[in-house]
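Participant:
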Amino acid sequence: MVHYIKKAKIILYFEGRYCYVKQVNIILEEYICCRRKRINLKNRTDYKGDKMNKRINKIIAILLSIVIVFANQTVVYGGIEQQDNEDYLEGYENLNIDEDLDISKFATPSIASFRMASLLNTGGGFTRRTTAPESWNNYYYNAAYNPYTYETYVRNADLIGECTWYVWGRAYEILGYRPNISNRYAKDFYAYNLNSGAYPYGNEPKLGAIACFAPHNHADWTGHVAIVEAVGGDGSVILSEYNFVSRHAFSANRYLNPTEARTWVQGYIYLRPDDPVIPDHIPGPVGGSDDDIADGDYTIRSDVAEGRSLGWEGDGNTNGQNVCLKDYFKNGDYVWTLERQSDDSFIVKTKQGGKLLDILGGPYSYGNEKNAIMWDYVQGNDNQRWYIVRNGGGYRFIAKHSGYSLDVRNGDATDGNNIYQYYPNESTAQRFYLEKHDFPNVEETSANDLKDNATYIIRSKLDVSKVITSESDSSGANGKNIF
2 MVHYIKKAKI ILYFEGRYCY VKQVNIILEE YICCRRKRIN LKNRTDYKGD KMNKRINKII
62 AILLSIVIVF ANQTVVYGGI EQQDNEDYLE GYENLNIDED LDISKFATPS IASFRMASLL
122 NTGGGFTRRT TAPESWNNYY YNAAYNPYTY ETYVRNADLI GECTWYVWGR AYEILGYRPN
182 ISNRYAKDFY AYNLNSGAYP YGNEPKLGAI ACFAPHNHAD WTGHVAIVEA VGGDGSVILS
242 EYNFVSRHAF SANRYLNPTE ARTWVQGYIY LRPDDPVIPD HIPGPVGGSD DDIADGDYTI
302 RSDVAEGRSL GWEGDGNTNG QNVCLKDYFK NGDYVWTLER QSDDSFIVKT KQGGKLLDIL
362 GGPYSYGNEK NAIMWDYVQG NDNQRWYIVR NGGGYRFIAK HSGYSLDVRN GDATDGNNIY
422 QYYPNESTAQ RFYLEKHDFP NVEETSANDL KDNATYIIRS KLDVSKVITS ESDSSGANGK
482 NIF
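The opening position of the sequence shown corresponds to residue 2 in the numbering used here, with each subsequent residue numbered one higher.
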């Protein structure tokens with residue numbers, strides 16, 4: 002095995018019971034599991050393990066502890082389909098180790114799972130495989146389904162555990178019917194599909210696609226195939242495969258960054274139809290805003306949590322200030338004025354400074370996560386107009402220019418969490434309640450000095466038309482409700 006340790010000055014070479022050390026300046030590049038293979042170490046050894054001084058021994062002990070942690074889950078970069086290939090192994094002697102690579106490639110399952118959850122998506126209707134196929138799964142272990150489970154022309158033995166065996170079974174599993182793909186070497190898969198025209202193909206990774214690696218390009222002379230289980234917005238991928246990390250072993254978490262996903266892979270065979278394309282803008286509601294909403298002053302409460310409302314950062318009087326979720330129990334009330342327009346949309350502006358609820362970027366600011374801000378009124382700008390329609394027990398605010406809904410980012414109730422537009426869904430992040438501010442014409446003001454044995458009205462700050470009272474009872478009995 003060969004270990005290159007990130008930003009260390011030590012390379013460890015393990016061969017049998019010997020350990021060789023060389024002091025160099027490199028960064029993390031490759032981890033290769035080679036079965037029954039001796040690596041050429043000439044010109045690489047400065048010290049031999051049997052004669053290392055105490056300081057070197059201490060360093061190796063530390064590095065070995067790191068190696069042990071990553072040994073079984075480390076992602077490997079040169080899939081060894083036939084591990085006794087001299088030319089393939091010698092190719093690793095000339096690898097460029099100057100590129101700064103992502104430490105996430107050497108991830109434990111928990112780290113890989115975290116990266117998956119935070120960076121990648123698996124799309125609707127697609128179930129990612131994270132475990133090895135079950136022994137009862139016909140797609141993999143029944144010769145009537147999988148041609149690699151019995152003796153083939155490739156060799157006089159079944160090929161269970163090979164990358165081709167796994168990809169055939171996984172393709173059957175994804176499609177639900179027998180795939181029209183090669184039953185030869187991995188290197189033949191892409192050309193076979195080009196000739197047959199059975200499936201679309203290309204250089205962009207897509208969910209469920211077969212990733213084909215050409216011979217000697219991060220694969221051995223037989224090539225290599227794997228399945229794309231997740232795709233990041235930046236073009237990075239997660240692969241599942243067999244016979245890459247180690248001989249006939251399953252791996253579900255191999256990460257390729259966007260550059261690797263394009264340059265290491267010969268091409269992708271797209272087994273699945275493309276996921277429906279979500280338009281970046283859609284029509285507004287046919288009926289316009291609900292008729293029961295009157296012009297006036299409102300607190301716009303969010304359904305993500307009690308005590309959260311639509312608010313803003315700063316003084317509320319400056320263009321570009323961010324619109325966000327605010328804790329009105331802690332920060333006080335944020336009041337918005339709603340004014341219905343001739344097209345049945347609303348202008349929503351701050352009571353305090355008259356700035357309008359606006360989507361950053363202007364009337365052509367389409368798509369998800371375009372930020373909500375405050376801005377001066379601009380004649381004709383539909384990114385400052387909102388249709389307000391029923392959404393369950395509350396309301397949905399729909400931006401006129403895009404048809405997208407006002408949304409609390411990730412449904413997170415944290416004070417100060419961002420507000421933006423997002424494709425409509427049924428989550429609480431897109432449901433708001435309107436609390437009307439009907440300020441009555443009253444002469445009372447807060448008492449300057451509280452006096453004993455005096456009578457006071459306790460009025461709600463949120464809605465001064467509401468006061469605290471008790472259940473009517475002339476007897477003065479205990480246990481009566483306060484509301």
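Don't be surprised by glycine CBs; every beta carbon is placed ideally from N, CA and C.
The model shown is predicted, which means the values in this text are computed figures rather than measured ones.
Below 8 Å, how does it come out for the segment 254-269 and the segment 309-324: are there three or more Cβ pairs, yes or no?
Facilitator: Touching, no, given that fewer than three Cβ pairs across the two stretches are closer than 8 Å.
Participant: Between which residues of its own chain and Y299 is the CB-CB distance below 8 Å, once the five residues before and five after are set aside?
Facilitator: Same-chain partners within the cutoff: V336, W337, T338, L339, L435, E436, K437 and H438.
Participant: If you reduce the DSSP assignment to three classes, tell me which class K352 lands in.
Facilitator: Coil, per DSSP.
Participant: Which ranges does the alpha helix (DSSP H) cover as unbroken runs of at least 4 residues, wholly within the segment 327-379, from first to last along the chain?
Facilitator: Taking only runs of at least 4 residues, the alpha helix (DSSP H) segments lying wholly in the segment 327-379 are 329-332.
Participant: On the three-state DSSP scale, how would you describe N97?
Facilitator: Residue placement at N97 is flagged as unreliable, the pLDDT there being 31, under the threshold of 50; the coordinate-derived value follows with that caveat. In the structure shown, N97 sits in coil (DSSP, three-state: anything other than H, G, I, E or B).
Participant: Assuming W387 is part of the beta strand (DSSP E), what are its boundary residues?
Facilitator: Element bounds for W387: W387 to N392.
Participant: Leaving out five residues on either side along the sequence, give the residues of the same chain with a beta carbon under 8 Å from the beta carbon of G297.
Facilitator: Excluding residues within five positions, the ones whose Cβ falls inside 8 Å are T338, L339, K437, H438 and D439.
Participant: Please give me, in chain order, every unbroken run of the beta strand (DSSP E) with length at least 3 that falls completely inside the segment 175-213.
Facilitator: Complete beta strand (DSSP E) runs here, min 3: none at all.
Participant: Label I283 either buried or exposed according to how many other C-beta atoms from any shown protein chain fall within 10 Å of its C-beta, with 16 as the threshold for buried.
Facilitator: Flag for I283 reads exposed.
Participant: Give the single residue among P201, Y378 and N139 whose Cα lies nearest to the Cα of G177.
Facilitator: It is N139 whose Cα lies nearest to the Cα of G177.
Participant: Considering only DSSP beta bridges, list what S461 is partnered with.
Facilitator: Paired residue(s): none; S461 is not in a bridge.
Participant: Among L326, N372 and N382, which has the Cα closest to the Cα of F347?
Facilitator: Here the closest residue by C-alpha is N382.
Participant: With a Cβ-Cβ cutoff of 7 Å, do A145 and Y151 count as a contact?
Facilitator: Not closer than 7 Å, so no.
Participant: Q422 bridges to which residues according to DSSP?
Facilitator: Looking at the DSSP assignment, Q422 forms a beta bridge with K371 and L407.
Participant: Under DSSP, the beta strand (DSSP E) around A220 begins and ends at which residues?
Facilitator: No beta strand (DSSP E) contains A220, which DSSP labels as neither H nor E.
Participant: Report the partner residues of T300 according to the DSSP bridge assignment.
Facilitator: E436.
Participant: Give the DSSP bridge partners of W313, in chain order.
Facilitator: V324, per the DSSP bridge assignment.
Participant: So is L1 buried or exposed if we call it buried at 16+ other beta carbons inside 10 Å?
Facilitator: With the chain represented from 2 up to 484, any question about residue 1 goes unanswered, as that position is not in the structure.
Participant: Which partner residues of S241 appear in the DSSP bridge assignment?
Facilitator: In the DSSP output, where bridge partners are listed per residue, S241 has I228.
Participant: When you compare only the Cα positions, how much space is there between I389 and I458?
Facilitator: Each residue's Cα considered, the two are about 35 Å apart.
Participant: Is V287 helix, strand or coil when you go by DSSP?
Facilitator: It is coil, neither helix nor strand.
Participant: With 16 other CB atoms within 10 Å as the buried threshold, where does N479 fall?
Facilitator: Under this definition N479 is an exposed residue.
Participant: So, are the CB atoms of D453 and A430 less than 7 Å apart?
Facilitator: Cβ atoms of D453 and A430: not closer than 7 Å.
Participant: How many whole angstroms separate the CB atoms of C213 and I270, which I take to be in contact at a CB cut-off of 8 Å?
Facilitator: Right, their Cβ atoms sit about 7 Å apart.
Participant: Do R386 and K401 have their beta-carbon atoms positioned less than 7 Å apart in this structure?
Facilitator: Contact: yes.
Participant: In whole angstroms, what separates the C-alpha of Y405 from that of R397?
Facilitator: So the alpha carbons of these two residues sit roughly 10 Å apart.
Participant: Alpha carbon to alpha carbon, what distance is there between Y421 and N384?
Facilitator: Going from the Cα of N384 to the Cα of Y421 covers about 12 Å.
Participant: Might you give, ordered along the chain, the residues of its own chain that have their beta carbon closer than 7 Å to the beta carbon of G354, omitting 5 neighbours on each side?
Facilitator: Counting only Cβ-Cβ distances below 7 Å, and skipping sequence neighbours, we find G317 and N318.
Participant: Step through the CB atoms of chain D and report whether any lies within less than 7 Å of the CB of S406.
Facilitator: The structure shown contains no chain D; it holds only a single protein chain.
Participant: In whole angstroms, give me the CA-to-CA distance for A215 and D281.
Facilitator: Cα-Cα distance, rounded: 37 Å.
Participant: For G224, count neighbouring Cβ atoms within 10 angstroms of its own Cβ and tell me buried if that reaches 16, exposed if not.
Facilitator: G224 is buried by the Cβ-count criterion.
Participant: For a test of the three-state rule: what should DSSP assign to N254, helix, strand or coil?
Facilitator: Strand.
Participant: How close, in whole Å, do the beta carbons of L208 and R273 come, if the pair is a contact with beta carbons under 8 Å?
Facilitator: Confirmed, about 6 Å.
Participant: If you reduce the DSSP assignment to three classes, tell me which class V468 lands in.
Facilitator: Correct three-state label for V468: strand.
Participant: Round the Cβ separation of A227 and S237 to the nearest angstrom and send it over; I've been treating them as touching at under 8 Å.
Facilitator: That belief does not hold up - the Cβ atoms of A227 and S237 are roughly 14 Å apart, past 8 Å.
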